[in-house]
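> Following my numbering, the numbering of the sequence shown begins with 1 at its first residue and continues without gaps.
Could you have a look at this structure, given as structure tokens, before my questions?
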Amino acid sequence: MGGDAWRHTGPYQSDLEAAFRQAQEEEVVKDNHGFEGRSVEELWRNPTWHEYIFTGGTGTMLDFPLMIEATDTDSGPFMRPLTDREVRAWAPNCRPTYEERDDALDSYHLAFPGRAQGNCTVLYRDGRPAQIGYWGVTAD
1 MGGDAWRHTG
11 PYQSDLEAAF
21 RQAQEEEVVK
31 DNHGFEGRSV
41 EELWRNPTWH
51 EYIFTGGTGT
61 MLDFPLMIEA
71 TDTDSGPFMR
81 PLTDREVRAW
91 APNCRPTYEE
101 RDDALDSYHL
111 AFPGRAQGNC
121 TVLYRDGRPA
131 QIGYWGVTAD
């Protein structure tokens, strides 16, 4: 089996880690995957959740317990923001739109990360930060 690639967007906050946590909490409200009444932190303390994630996952930001620094090279399961240099490789103005991110992923100018890993970056609308774009690959 190989991991499944996915992409989502979440609300913008200048603090990417806070935006990530907000997106996770919103996602668990939409679909708790049978783990009723648990916060994201509680899920990641549950060995049954670990098994669920590592044998299939959710295909969302819920697949990651935390966000690491953009320059961190640790493998997953982590969400990692792109560096400015990585963004400029596919969005030269360093203010990518939702469409530019999707076009870059679809054309392979922007790679999906390895299994059990995710990436994110700020997405812009009319030159202003509007959303956080998330994409990743499940662990299975």
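Idealized CB from N, CA, C, for every residue including glycine.
From a predicted model like this one, the values you see are computed outputs, not experimental measurements.
1. Could you have a look at T48 and say whether DSSP puts it in helix, strand or coil?
2. Measure the C-alpha to C-alpha separation of Y134 and E17 and round it to an integer number of angstroms.
3. Please state if the CB of D63 and the CB of G2 are separated by a distance shorter than 9 Å.
4. For L66, which of A5, D103, A111, Q22 has the nearest alpha-carbon?
5. Quick one: what's M79 bridged to in DSSP?
6. According to DSSP, which residues form a beta bridge with T9?
7. With a Cβ-Cβ cutoff of 9 Å, do A5 and Y12 count as a contact?
8. Which class does R128 belong to by DSSP, given the choice of helix, strand or coil?
9. Measuring alpha carbon to alpha carbon, tell me which residue in E100, D103, E25 is nearest M61.
10. Can you give me the Cβ contacts of E27 inside the same chain, cut-off strictly under 7 Å, excluding the 5 residues immediately before and after it?
11. Roughly how many angstroms separate the alpha carbons of H50 and W44, rounded to a whole number?
12. Using a 10 Å radius around the Cβ and a threshold of 16 neighbouring Cβ atoms, would you call G34 buried or exposed?
From the atom records:
1. helix
2. 12 Å
3. no
4. Q22
5. M67, G118
6. G133
7. no
8. strand
9. E25
10. T60, M61, L62
11. 7 Å
12. exposed
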